[in-house]
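Trainee:
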Amino acid sequence: MAGDIPMENFLILSAILFGIGFYGVLARRSAILILVAVELMLAAVTINMVAFAAYLDPERFTGVIFAIFVITVAAAEVGLALGIVLRLFRDRQTAMVDEASDLKW
Amino acid sequence: MIERLPLPAPLAALLRRAFYPEGSFRLPLPAQLDRVIIYGGLVAGAVLTPILLVLIVLLVINVLTAPELVFWLASAVIIGGALGAVLLKNIVHAALSLVMTLLGVAAIFLLLGSEFLALVQILVYGGGVTVLLLFGLMLTNATDDPIVSDGAQKPFAFLIGIGLAGILSVALVDQVWGAPTASMVPFRELGKRLFLDFGAPFEIASLVLVIALIGAIAIARRDRPEDTEDAAMGDGA
Amino acid sequence: MGMEHVWLLPAIPAVLFALMGLFNGLVPRRGDFIVILGMAVVVVLSFLVLLDFQGSFRDGHFAPGDSNLYSFSWVEIDTGVVDDLLLIEFSTFVDGITVLMLAVVSIVTLMVMIYSVGYMRGEVRYGWYFAVLSGFGAAMLMLVVSGNLLLLYLSWEAVGLASYLLIGFYWERQTAAEAAKKAFITTRIGDVGLLIGIILLWRGAGSFDIQEIIHFAEGGGYGETYLTVTMLMLFAGAAGKSAQFPFHVWLPDAMEGPTPVSALIHAATMVVAGVYLVARMMPVFDVALVARDVVLYIGLTTAALGATLGLVTSDIKRVLAYSTVSQLGFMFVALGVGSVTAAMFHLFTHAFFKSLLFLGSGSVIHATEEQVVETLGGLRRKMPATTTLFVIGSLALAGIVPLAGFWSKDEILLVLQDGAGFGPFVILAATAALTAIYTTRLVLLTFFGEPKDQAAYDHAHESPAVMILPMALLALLAVIAGFVALDPVGRALGFTGGIGEVVFTQGHEGHAFKLDATIAIGATVSALAGIVLGFIYWSGTAERAVRARQWSPEFHDLLVNRYYIDHLYQFTIDRVVLGLATVVAYFDRWVVNETGVDGSAQGISFAGYRLKFFQTGRIPNYALAMAIGVIVLALVAVGRT
Amino acid sequence: MSDLNFEYGLLLPEFILVGSAAVVLMLDAFRADLRISRNLLPAITVLGALIAGVASLLYLDRDPTDFAQLIAVDHYTTFFRILFIATLVAIVLGSYEFVNRNITHQGEFYALLLASTIGAIYMAAARELLTAYISIELLSFSLYVGVSLAKNDTRSGEAGLKYVLLGGVASAMLLYGLSIIYGTTGSTTYEGIAAALEDGVVGTPAFLLGLAFLVGGLGFKASAVPFHMWTPDAYEGAPLPITAYISATSKAATFALMLALFGIALDAAKADWQWMLASLAVATMVVGNLIAIQQTNIKRLLAYSSIGQVGFMLMAITTVSDASGSALLLHLAGYLITNLAVFIAVIAFYNRTGSEEIEDFRGLAETQPYLALVITTALFSLSGMPLLAGFVTKFVLFQAAAEEGFLWLATVAVIMSTVSLYYYLKVIRQMYVAEPADGDSRWRLSPIAYLTTGVLFLGIFLVGLWATPIFEAADGASAMLFG
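Protein chains in written order, with the working numbering: chain E, 1119 to 1223; chain C, 51 to 287; chain X, 52 to 692; chain L, -2 to 480.
1. Give the residues of chain C in contact with L675 (chain X), contact being defined as C-beta atoms less than 7 Å apart.
2. Can you confirm whether Q225 (chain X), when its beta carbon is compared against all beta carbons of chain E, has any partner nearer than 8 Å?
3. Could you list which residues in chain L have their beta carbon closer than 8 Å to that of I670 (chain X), in chain order?
4. Have a look at N75 (chain X) and L263 (chain C) and give me their C-alpha separation to the nearest angstrom.
5. Mind listing, in chain order, the continuous alpha helix (DSSP H) runs of no fewer than 4 residues lying wholly within the region 379 to 414 of chain L?
6. How far does the alpha helix (DSSP H) with T359 (chain X) in it extend, from its first residue to its last?
7. Which ranges would you report for the alpha helix (DSSP H) in the region 111 to 189 of chain C if only whole runs of at least 4 residues count?
8. Just to confirm before moving on: does the CB-CB distance between G1201 (chain E) and A59 (chain C) stay below 8 Å?
9. According to DSSP, S197 (chain X) sits in a beta bridge with which residue or residues?
10. Could you spell out where the beta strand (DSSP E) holding F64 (chain L) opens and where it closes?
11. When you compare only the Cα positions, how much space is there between R271 (chain C) and F210 (chain L)?
12. Kindly indicate which residue of E:I1150, E:F1184, E:V1215, E:L1158 has the alpha-carbon position closest to the one of P251 (chain C).
13. What residues of chain X sit near I210 (chain C), judged by a beta carbon separation below 9 Å?
14. Could you compute how far the alpha carbon of L287 (chain L) sits from the alpha carbon of A676 (chain X)?
15. Can you find the residues in the same chain that come closer than 6 Å, C-beta to C-beta, to A398 (chain L), ignoring five residues on each side of it along the sequence?
16. Give the residues of chain E in contact with P251 (chain C), contact being defined as C-beta atoms less than 9 Å apart.
17. Do the region 511 to 524 of chain X and the region 161 to 168 of chain X make contact, defined as three or more Cβ pairs closer than 8 Å?
18. Please classify G147 (chain X) as buried or exposed, where buried requires at least 16 neighbouring CB atoms within 10 angstroms.
19. Can you give me the C-alpha to C-alpha distance between V155 (chain C) and F665 (chain X), rounded to a whole angstrom?
20. In the DSSP assignment, find the unbroken alpha helix (DSSP H) run with I341 (chain L) in it and report its ends.
21. Just to confirm before moving on: does the CB-CB distance between V94 (chain X) and S185 (chain X) stay below 8 Å?
22. Should A324 (chain X) be flagged as near chain L, meaning a C-beta pair shorter than 8 Å?
23. What does Q378 (chain X) reach in chain E if we use C-beta pairs closer than 8 Å?
24. Is the distance from the Cβ of V345 (chain X) to the Cβ of L408 (chain X) below 8 Å?
25. Do we get a CB-CB distance below 8 Å when we pair R243 (chain C) with the residues of chain E?
26. Which residues in chain X sit within 7 Å of F1140 (chain E), going by Cβ to Cβ distance?
27. Around the C-beta of T99 (chain C), are 16 or more other C-beta atoms found within 10 angstroms, so that it is buried, or is it exposed?
28. Could you pull out every residue in the same chain whose Cβ sits closer than 6 Å to the Cβ of S374 (chain X), ignoring the five residues on either side in sequence?
29. Please identify the residue among C:L209, C:Y175, C:K242, C:L137 whose C-alpha is closest to the C-alpha of E1195 (chain E).
30. Can you tell which of C:M234, C:F245, C:V258, C:L259 has the C-alpha that lies nearest to the C-alpha of E1177 (chain E)?
31. What residues are listed by DSSP as bridge partners for N294 (chain L)?
32. Leaving out five residues before and five after L251 (chain X) in sequence, what residues of the same chain have Cβ atoms less than 6 Å from its Cβ?
33. Between the C-alpha atoms of L153 (chain X) and A294 (chain X), what's the straight-line distance to the nearest angstrom?
34. Cutting at 7 Å between CB atoms, please list the residues of its own chain near A1192 (chain E), excluding the five before and the five after it.
35. Measure the alpha-carbon distance for E354 (chain L) versus T415 (chain L) and round it to whole angstroms.
36. So for V452 (chain L), helix, strand or coil by DSSP?
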């Protein structure tokens, strides 16, 4: 179905998405927005996986299965991380990561 | 809220019907959500419609094939959404533009022949994860004060983001990859692979979900008084 | 009791250590007599080993290199490391050096234990003290009987640990705890070198067995530079343990421990472990001559340094500590010219008279609770026995004929003259004279003259017999130990070639004990001169004269002749010797101690202090570190291709 | 695909662990109604773990096999099954008092320990990337929860947040690396990757990038510098038993996975990753040991010291070979015993005093000499003192590294272990030198604490004096990878 779109296109898309995601992780202060950025990185990974599976591994398509697992884990991670963010918020009335820096040195 | 938007009256009424069908019922979503959706939709439409038109023209005059059209469209949506998610000052807007990206990724999956994955992506992400994130925002009162500034290391972040994307792109393009065309993923085969060949990891994944579930509950739950009493009694036990 | 059972010697005190360490509360007197009895058995056994060794030597059975007597394979497993077999065998080995060390260690340990009964009476943790003493004995005995480097290293560390526990025995005192830590860490720095050296030796020879390594080295198996580096690493370990420059700083501080411990560990046994190690590996050093030269010059430096510092130190135990540093330097000088004989002989004699001196100083401290020499004085009237014994020890240290120190020091001077030429010889001879000076000073200030601190003097009393007797025995040994080197004595003991040749040489160089009349006379004269010089300067008259000059300048002309002499002494000692000593002391204090030892510790600490601030506590910073890490990895990876 | 082995019996020990976790959770949910003692939960956990341990011994005399080419069941797996289950038992026994006092969600606590042990075991047993990844996540998720579970301590929430967010980033990095390796080699099984590497994808920029990301992601899990920064914070914020668990099982599992992955799958690409791990190892040893000197909190000190230890273990992965493989396994076993001894002693100390500051250890030799002795011995062992476990295992480790041509790395390691002595002595000094605080008198340990620390204490000496049995086990296990 992808026809004659070169695989590199998908890979570059994924690379850009990964870069943007990492930017978000580094630049954001809100714990939830960092999570959002991590989701972007994981989405980049799934694109990679599925592209490789479709182009290079069409018989076994392990990449697709890998992607399913990644999506599952990512969803679970959001849930768990939000639980922790809520707890932090209850303790300190903030969800800004740089205000939670009692532990250091 | 909707009344205060500068919209034609019939449109406003329609939207009100859509968001508050019974008048009393309110979606458990942030108050500005409707405004976000409306403005977001309008902006997206304004940006995307010309692009779409150009692409369709290209398609019609046979410069682009249909899959290519879909690819470029989806890429635009993905990158645009991703940029929105990491750049927008308004925390709710940022979280919502993630949805755009994830839907775009679903389109890419479709393009690569994995309908199942596309479906999972839409259901899990578009449904579950987004709502979770919005809940999170709500419960941390981010919606009262939705504007956040970014951290001080933004310049480094910028360099790193550009650098990573650059290095990865160059290296991946430099590689000589094997077969040139993609093929569909057969649904039935996928099921067999997933549940049979990868049965063991599948079960481990279910454990991961259980742990995440009970963990999130245990951590986020406000402890009842009897729990703490219980714990205090533990000293004697 | 044959040589093959030599493992029993460390085993007995080791078992006693475990038992007494745990259960000393359950036996009467906290078990001191059990520990002492155990050590007495070890002394007997070590003489049985000596007899067996002597017997097999007489029968011509003994050939160095094939006496791997008992081995227990500890780890033996197919790993593909060397010849597909990692074999770590614990083996014992007995030769002349071992026999000698066994005698020294067991006798001195026993004496110190008996002495401690009196000295440590009433201390808290009395039982623990004896247990650790026993543990130390076990580790030290294991060190000298081990036939391979790994076992040697294990016991080496165990000895260090026991020393740490004993120096820090008065752990309530901050200084004691600090000193214990300093000693432990300083020696551990050297031990790093030792461990690296051992691994390097093993890498070449594929074995930890000392004899195999020696064969391999003598066969030219190691590259020249490789071996030099290796032996220098090994020597770093030896220098750390034996308090050689620049590691010598820990030994004076280690005097914070109980005095009997100083006598045992910091005079007679542990500190000579380095000498023992170098002696044991001498055939390998003979191949790596550059490393051997380093040993020589480090030894020479240390000998001179210790002696000059001994001149200006006022704590009685610290004077002895510097003296020990200096005497260990003598031993390394002998090793540096390749003479195991001279080094081991000096080790042997030094062990007795130096532990005697320490026990004597312990007796003084016990009686007066004071250890600064300027506040003591006149103790000879109150403590005649201690004084006598201390003077004997001092004369032995100064090298007065016919006491033990005379024979061994002359031997070192002799081999040095033969092996390294005139320059080093002069330096060491001068150091020997200095030894006489500081010894005299110590004796005079402590026991003669008038008491300077009446309270301490009044408090003083002669020590009990349980302390005096071991000292008397050691004094006896300090008198006669030198004679064993004489051929007639050796033949009388059953060694046909003279004991000096057997015990002190391991047969590898065939260097028998000699006595050179010129050097002997010269050394005696210079030692006597040193004593006279000490007398003139410190016996009280000079001091009075100084006061007189300040009080009444009119008499200056009348007394000018005397003052010329005085000035001469004043000049030589104040300006030259003491000036030099002050410079050395300053260097020692600030350059070696502060910058070198404490400095490196502080440097490390400071690096940690700076580094810890990277840990800002902020998630984005942490993520940035990860991102930079991965990008650097990626860029370097791509850049390398 | 029908030639795969789907014998679920191979996974029996893990099923037992899951079952125990379910029982624990259920009992906890109905505890109030059933009126059962809270000590039943740790009892069931220990019991389940012991049964699982016995079950894993059943595979000792079976031929090496695998489950669907994903999970190997051989001596290597058995070694780690036993190791992790033993660790679990030790931690549960050492910490149930602590849990009774400080953790409100006890059922969850024990259940996640059980579940994470499964994750740890499969990290060692995995022979396929997807399985390896999901096992990593199982372990990590359990730890995210565990770290945040001290609800009476605000540090716990902060630590959990740091751990989970950075863990997510690290997962993404790891996955990106895995995806590239999958793309370049076309396979996710270790064997398939090894075969593809033989055919030569080695050294292309894309593959190198994949390796870099893989090393980064695994470096995070192993807390290698500069991916280590979560470690001290998470260690300090987590409840003590979880800290112990991270420093023991989590670390050992990561190295078990790395050894299999780099030893089997990526061996042909040695030239591409050896320098990466070597440089991480050096950075880790130096940074960990230096910063440790500055610490005043015992958990934080142990965190940095464990980072230092990671450097030594990374060295073994760097020089991956049969010898360093068995050396690493031996070292891990010795390290686990020693580390658990320290932590369980510290937990016992905390139960009594409620303090984690090194300062408050003053005079412990007077008030609780046994505990002081255990801590001293274990710390000496960590610094590599002879006669104790740490010396033997480190010695074999350094020796294997030297043998593989990494003498310089071994030298740095020896120097850094000497530095480590410096800060261990700081703790020891507090216990033996400083006077006890006013009003401190002698106190007693609970019998179970005596038992647990006593066994571990003897273990330190056993490994130190007679390592042959464990060495043989480690060697047999390592032979499964390299044999």
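Where is the CB? At the ideal position from N, CA and C, for every residue including glycine.
Mentor: This is what the structure gives:
1. Q203, F206
2. Put simply, the CB of Q225 (chain X) is far from chain E, with every gap to its CB atoms at 8 Å or more.
3. L158, K159, L162, L163
4. 57 Å
5. 386 to 400
6. 340 to 363
7. Within the region 111 to 189 of chain C, the complete alpha helix (DSSP H) runs of at least 4 residues are 116 to 137, 141 to 161, 165 to 170, 180 to 189.
8. no
9. X:T143
10. 62 to 64
11. 36 Å
12. E:F1184
13. L675, A678, I679, I682
14. 18 Å
15. Excluding its 5 nearest sequence neighbours in each direction, A398 (chain L) has C-beta neighbours in its own chain below 6 Å: M312, T316, L406, A407, listed in chain order.
16. I1183, F1187, listed in chain order.
17. yes
18. buried
19. 37 Å
20. 319 to 350
21. no
22. Nearest CB-CB separation between A324 (chain X) and chain L: not below the 8 Å threshold.
23. None at all; the shortest Cβ gap to chain E is about 48 Å.
24. no
25. yes
26. A678
27. exposed
28. Closer than 6 Å at Cβ, skipping near neighbours: G361.
29. C:Y175
30. It is C:M234 whose Cα lies nearest to the Cα of E1177 (chain E).
31. L:E354
32. T281
33. 22 Å
34. E1157, L1160
35. 23 Å
36. V452 (chain L): helix per DSSP, three-state reduction.
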